[in-house]
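For the sequence shown, this note's numbering assigns the number 666 to the initial residue and increments by one for each residue that follows.
Think of the CB as a built atom: it goes at the ideal place given N, C-alpha and C, for glycine as much as any other residue.
Since we're looking at a predicted model, the values are computed, not measured.
Let me begin by presenting the structure, written as C-alpha cells, before commenting on it.
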Amino acid sequence: MCCCCNCSNTAKKVWTWVGVVGIFALAAFFGFGWPAIVNSVARSEFVMQPGSEVYENWRKPEVPMYFDIYFWDWTNPEAITDPNVRPNFVQRGPYVFLETHDRANVNFNTDDTITFQQKRTWHYIPEQSTGDFYTDRVTTPHTILMTVGKLVKEMNDPMLTGLLDIIINANNLVDGIAYPNVLVKDILFDGVEDRLLAALQGLLAEVPDLAGEIELPDWDGFGYFIERNTSVEYDGIFRMRTGTDSWTATGQMVTWNNAPTVPHYRGVCGQVRGSTGQVNPPMTSSQINNPGDFILFITDLCSALTLKYDGDFVLNDLEGKVWVGDNRVFDNGHTFPETECQCTAPVDQCPVLKPGMFDVSGCNFGAPLLVSFPHFYLADPSYLNRVSGLSPMRNAHEFRYALHPFSGIPMTVNGRLQYNVDVKDYGLAVTNGVPDVVMPAFWVEQRVVLTQDVIDDLVQIDTLRN
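Right, here's the structure in full:
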C-alpha cells in the first residue's frame, strides 16, 4: 500500500523518516513525540538551502502568479482649469499578465544570508483580459512635465523657471498637461514619445550644471514600466536570511542594494525589514495563537508595508491566517504617530499629505508619484471629492495576504496598489491655473492562489502534526 504516492517532496520525506524509525519507536513516540518529529523534519525543509523544499520552490516557483493592470483614462483634460468641472476618469482593463520570477546571481553568504537579484517577466494573457493591451488608448497626466515642474519649484530659481518656459513654448514640447490618446502598451512598457524629456536630456548633456540637482531618466520616451520587463537590475540586490541559524528568520530581509536602510524615509520607515512575500518564516506557537503585524518589503515603494492581522482564513480545507492593509498603512502620522516617518518633508512641516497617500518620489527620479490603495480606498475623502469616476470598495480594492502558519507559504495574495500623479500649478506657464488634484494613473493587483496539489500536501502535513 502506498501511503504518500501523491505527496510533495516535503511530505514524502516525513513518511520516509517515519519508515526508518520503525513500528516500535513509532509506538513509543506516539502522542507527545509524533508531532515533534513531524515538526522537526518538516521545518528542516523550510530553510533556504540547496535542495530544501522552500529553496527549490523559491528558485523555480510552481504556483502561478498573475499581474493585473487597470489604467485610468482621463476623459476631460480640456476642462482642467474650469473650477466647476472635476477631472473624470474611466477605468480600463484589467490587462492580465502571467508574472514569472527568475533568480540571478544567487550567493550563499557565511552569515546565514543569501544574496540575489531577480528578473521579472510579464507575459500578456489576452483571453483573461478586458480590452486589448496592444490597441487600447488612454489619456493620462503628463508625468514628466509634472516632474520637471516639481523639481524647479523645489529649486526656487526664477531664472531657471523662465528658461524652461521659453524652451517648452518655443519648441512646442508638450500638448497641455496630459499625454493625449496614447497606447496603453506604450505608456506602460514601450514608452510614449516625450518631446520634453528628449529636449531636456539633450540640454543637460550639453550643459550638465545648468539644472543643478535635476535628475532625469535616460529613457527613450516615457513609460511607467519602461525597461523593466525582463530586467535583472531593476528590482535591485536583495540579501535575506536563510533560516539555517534559526528557522524563525527564514526569508527576512537584511539589506537592499547593499544597505540596511533607504535614504528616502526617516527612522523605521526607512529600514529594510520584513520579507519579500515569497519566502516567510514558519510561525511559532505563540505567533499562531496571537498573530501580530505582517511586514512586506516592497521594492516599488522603497519601503516596507505593515499589514494588520484580520483573522483566520480557510482555502479548500487548508487553514491559515490573513492580514490586510488598513488605514494605518498610508497614514503619514495623522492618527498613528509611528507612521510620521513616512513624510518626506522637513520634520517641522510634517505631515504634508493627508491620510491615504504615500510619497514615492524619492525612488522615482523625483517624479510627483503617490501610492494609495485602488480607487482611493481608505484615503481621506478630499482625494475622492476632487475627481469623479472612482468607487472604492473593500472586497475589490483591499490589500490582502494570507499564509499557512506552519510553513509560511502564501495561500492567497491580492496585492493591490494604485499609482497617482500629484498635479498642480508648479509655476510653469503651461501649468498656470491648474488646481491641486491627485490624479489616478493606474492600479495593479498581484494575484497568487495556491494550487490544489499544494493545498492537499499542506493539509496532509497539518494532519500529521495534530
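Check	Outcome
Whole angstroms are fine: how far does the CA of L829 sit from the CA of N837?	12 Å
Where does the unbroken beta strand (DSSP E) through L763 begin, and where does it stop?	754-773
Please work out which residues of its chain come closer than 7 Å, Cβ to Cβ, to D795, disregarding the five sequence neighbours upstream and downstream, and give them in chain order.	Per the sequence presented here, residue 795 reads as Thr, with Asp not at that position. Excluding positions up to five away in sequence, the list reads G758, P759.
Of the choices T805, Y799, G976, V761, whose alpha-carbon is the least far from that of T786?	V761
Return helix, strand or coil for G796, following the three-state DSSP convention.	coil
Distance, Cα to Cα, V750 vs T1000?	32 Å
Please state the DSSP three-state secondary structure of Q725.	In the sequence as presented, Gln is not what sits at residue 725; that position holds Lys. Looking at K725 - three-state DSSP - the assignment turns out to be coil, as it is neither helix nor strand.
Would you say P823 faces chain D, with C-beta separation under 8 Å as the test?	Absence of chain D from the displayed structure is noted, only one protein chain being present.
T941: which of D900, E880, Y930 sits nearest, CA to CA?	D900
Using only alpha-carbon positions, find the residue among D855, E1005, P873, C934 that is nearest to E892.	D855
Measuring only the C-alpha atoms, how far is W699 from I1126?	Its pLDDT being 48, under 50, W699 is placed unreliably in this model, and the coordinates cannot settle the point.
With distance defined between alpha-carbon atoms, name the residue in H1069, V849, V803 nearest to P1140.	As shown, the chain starts at 666 and ends at 1131. That puts residue 1140 outside it, with no answer to give.
Can you check DSSP and say which residues form a bridge with L881?	In the DSSP output, where bridge partners are listed per residue, L881 has none listed.
Do G916 and V937 have their C-beta atoms closer together than 8 Å?	no
Buried or exposed: T895, going by 16 or more other Cβ atoms within 10 Å of its Cβ?	exposed
Measuring only the C-alpha atoms, how far is N1029 from Y930?	14 Å
Measuring CA to CA, which of I779, S968, I809, R802 is closest to V847?	R802
Taking DSSP's pairing of strands, which residues face D874 in a bridge?	In DSSP, D874 forms no bridge with anything.
Am I right that E984 and D733 are in contact with their C-beta atoms under 8 Å? What's the rounded C-beta distance?	About 27 Å; that fails the 8 Å criterion.
State the Cα-Cα distance for the pair L970 and S1037, rounded to the nearest angstrom.	12 Å
Comparing alpha-carbon positions, which option in N1097, H788, R768, T746 lies nearest T780?	R768
What residue does the beta strand (DSSP E) around M730 start on, and which one ends it?	730-739
Does DSSP classify R1112 as helix, strand or coil?	strand
Would N720 and F1107 be called neighbours here (beta carbons separated by less than 8 Å)?	Just to set this straight, residue 720 is Tyr in the shown sequence, not Asn. Going by C-beta atoms, Y720 is not nearer than 8 Å to F1107.
Pull up the distance between the alpha-carbon of V1086 and that of I831, whole angstroms please.	25 Å
Applying the criterion that 16 or more other CB atoms from any shown protein chain within 10 Å of the CB defines a buried residue, is R1059 buried or exposed?	exposed
In whole angstroms, what separates the C-alpha of D982 from that of G976?	16 Å
Since R860 sits in a beta bridge, which residues does DSSP pair it with?	None, per the DSSP bridge assignment.
How about V979: is its Cβ closer than 7 Å to a heavy atom in the ligand MN?	You won't find the ligand MN in this model; it holds no ligand whatsoever.
Mind checking whether G1080 and D1090 have CB atoms under 8 Å apart?	no
Measuring CA to CA, which of G1092, A1094, Q1083, Q1117 is closest to V1103?	Q1083
Taking Cβ positions, are L861 and V839 nearer each other than 8 Å?	yes
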